[in-house]
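Before any comments, here is the structure.
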Amino acid sequence: MENFSQFFDSNLFNTFIIPILIFLARIIDVTLGTFRISMISKGNKSIAPLIGFIEIFVWVMAIGKIMQTLDNYVNMAAYAGGFAAGNYIGIIIEEKIAMGIVRIQIITAKPANQLIVALRQAGYGITNHKATGKNGEVSILYSIVNRADLKQITEMILEYNPNAFYTIEDVKFVNKKLGAMLPAKGKFLRKGK
């Protein structure tokens, strides 16, 4: 027991271990914060409070250690570095999980018939409008899809209409009576033509 006490009071622990622990704690709490904000923006009320509790618990531990050693610039740098790394990691994790649904709008001057057929054959509901753009007639396609399907859809756009302009927006709610998406046990499934 005395060996542990000596280790925790040693220069090695205070110079290297504490900054590493602060750095890791900050990565965890900021990553959780980034993920929590994403859940809130998608309207997920059940998991966001739990994530927030864990996030703040970890933050209090990290800031508590910083407040005890305000004259230690290595700890402050570890705190700031953990914040930056946590933002980056949180965004990557959120992109990998790809939760939620999005609205994709595709504008193309090239005829979109092949793209429409390909998207519908893949099971995506597509609404097509004709409009007039700066240089003449364009097709505007709309679809509500699972965010996890964006890679497949963007690959199809690049294959059939590589010069198409497209935008992607998060969708918080889809009216299941009118929308092309039907809820099934908390998930959204592609349906429609």
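One point on numbering: in my numbering, the residue at position 174 of the sequence shown is 173, and numbering is uninterrupted.
Think of the CB as a built atom: it goes at the ideal place given N, C-alpha and C, for glycine as much as any other residue.
Report yes if the CB atom of residue i is closer than 8 angstroms to the CB atom of residue j, and no otherwise.
i: residue 149; j: residue 115; result: no
i: residue 17; j: residue 74; result: yes
i: residue 106; j: residue 137; result: yes
i: residue 97; j: residue 25; result: no
i: residue 53; j: residue 20; result: no
i: residue 108; j: residue 80; result: no
i: residue 104; j: residue 165; result: yes
i: residue 60; j: residue 118; result: no
Just the Cα atoms here: how many angstroms apart are residue i and residue j?
i: residue 58; j: residue 130; result: 52 angstroms
i: residue 41; j: residue 35; result: 10 angstroms
i: residue 194; j: residue 153; result: The requested residue 194 does not occur in the structure, where the chain is confined to residues 0 to 192.
i: residue 191; j: residue 64; result: Here residue 191 scores only 44 on pLDDT, less than 50, and its place in the model is too uncertain to base an answer on.
i: residue 127; j: residue 102; result: 14 angstroms
i: residue 50; j: residue 92; result: 14 angstroms
i: residue 14; j: residue 87; result: 26 angstroms
i: residue 122; j: residue 33; result: 32 angstroms
i: residue 184; j: residue 56; result: Low local confidence applies: a pLDDT of 35 at residue 184 is under 50, so the model's placement there is unreliable, with the coordinate-based value given in what follows. C-alpha separation (whole angstroms): 31 angstroms.
i: residue 46; j: residue 95; result: 18 angstroms
i: residue 70; j: residue 22; result: 17 angstroms
Got a sec, what are the start and stop residues for the beta strand (DSSP E) residue i sits in?
i: residue 169; result: 164-170
i: residue 144; result: 135-145
i: residue 156; result: Looking at the DSSP string, residue 156 is not in any beta strand (DSSP E); the run it does join, the alpha helix (DSSP H), is 149-159.
i: residue 106; result: 100-107
Counting only the same chain and skipping the five closest in sequence on each side, list residues whose C-beta sits under 7 angstroms from that of residue i.
i: residue 172; result: 42
i: residue 177; result: Summary for residue 177: the model assigns pLDDT 49, below 50, so the residue's position carries little reliability; its value from the coordinates is reported in the next sentence. Answer for residue 177: no residue qualifies.
i: residue 84; result: 26
i: residue 168; result: 101 and 102
i: residue 68; result: 74
Please report the residue range of the alpha helix (DSSP H) in which residue i lies.
i: residue 74; result: 72-96
i: residue 132; result: Run containing residue 132: none in the alpha helix (DSSP H); it sits in the beta strand (DSSP E), 126-132.
i: residue 116; result: 112-120
i: residue 33; result: 17-40
i: residue 197; result: The structure shown has nothing for residue 197, since the chain only spans 0 to 192.
Ignore the nearest five residues each way along the sequence and tell me which others in residue i's own chain have a CB closer than 6 angstroms to its CB.
i: residue 163; result: 105, 107 and 156
CB-CB under 8 angstroms to residue i, same chain, minus the five flanking residues each way: which ones, in chain order?
i: residue 170; result: 99, 100, 101, 102 and 143
i: residue 82; result: 25 and 29
i: residue 132; result: 106 and 108
i: residue 110; result: 138
With three or more beta-carbon pairs closer than 8 angstroms as the criterion, would you say the segment 153-162 touches the segment 110-127?
yes
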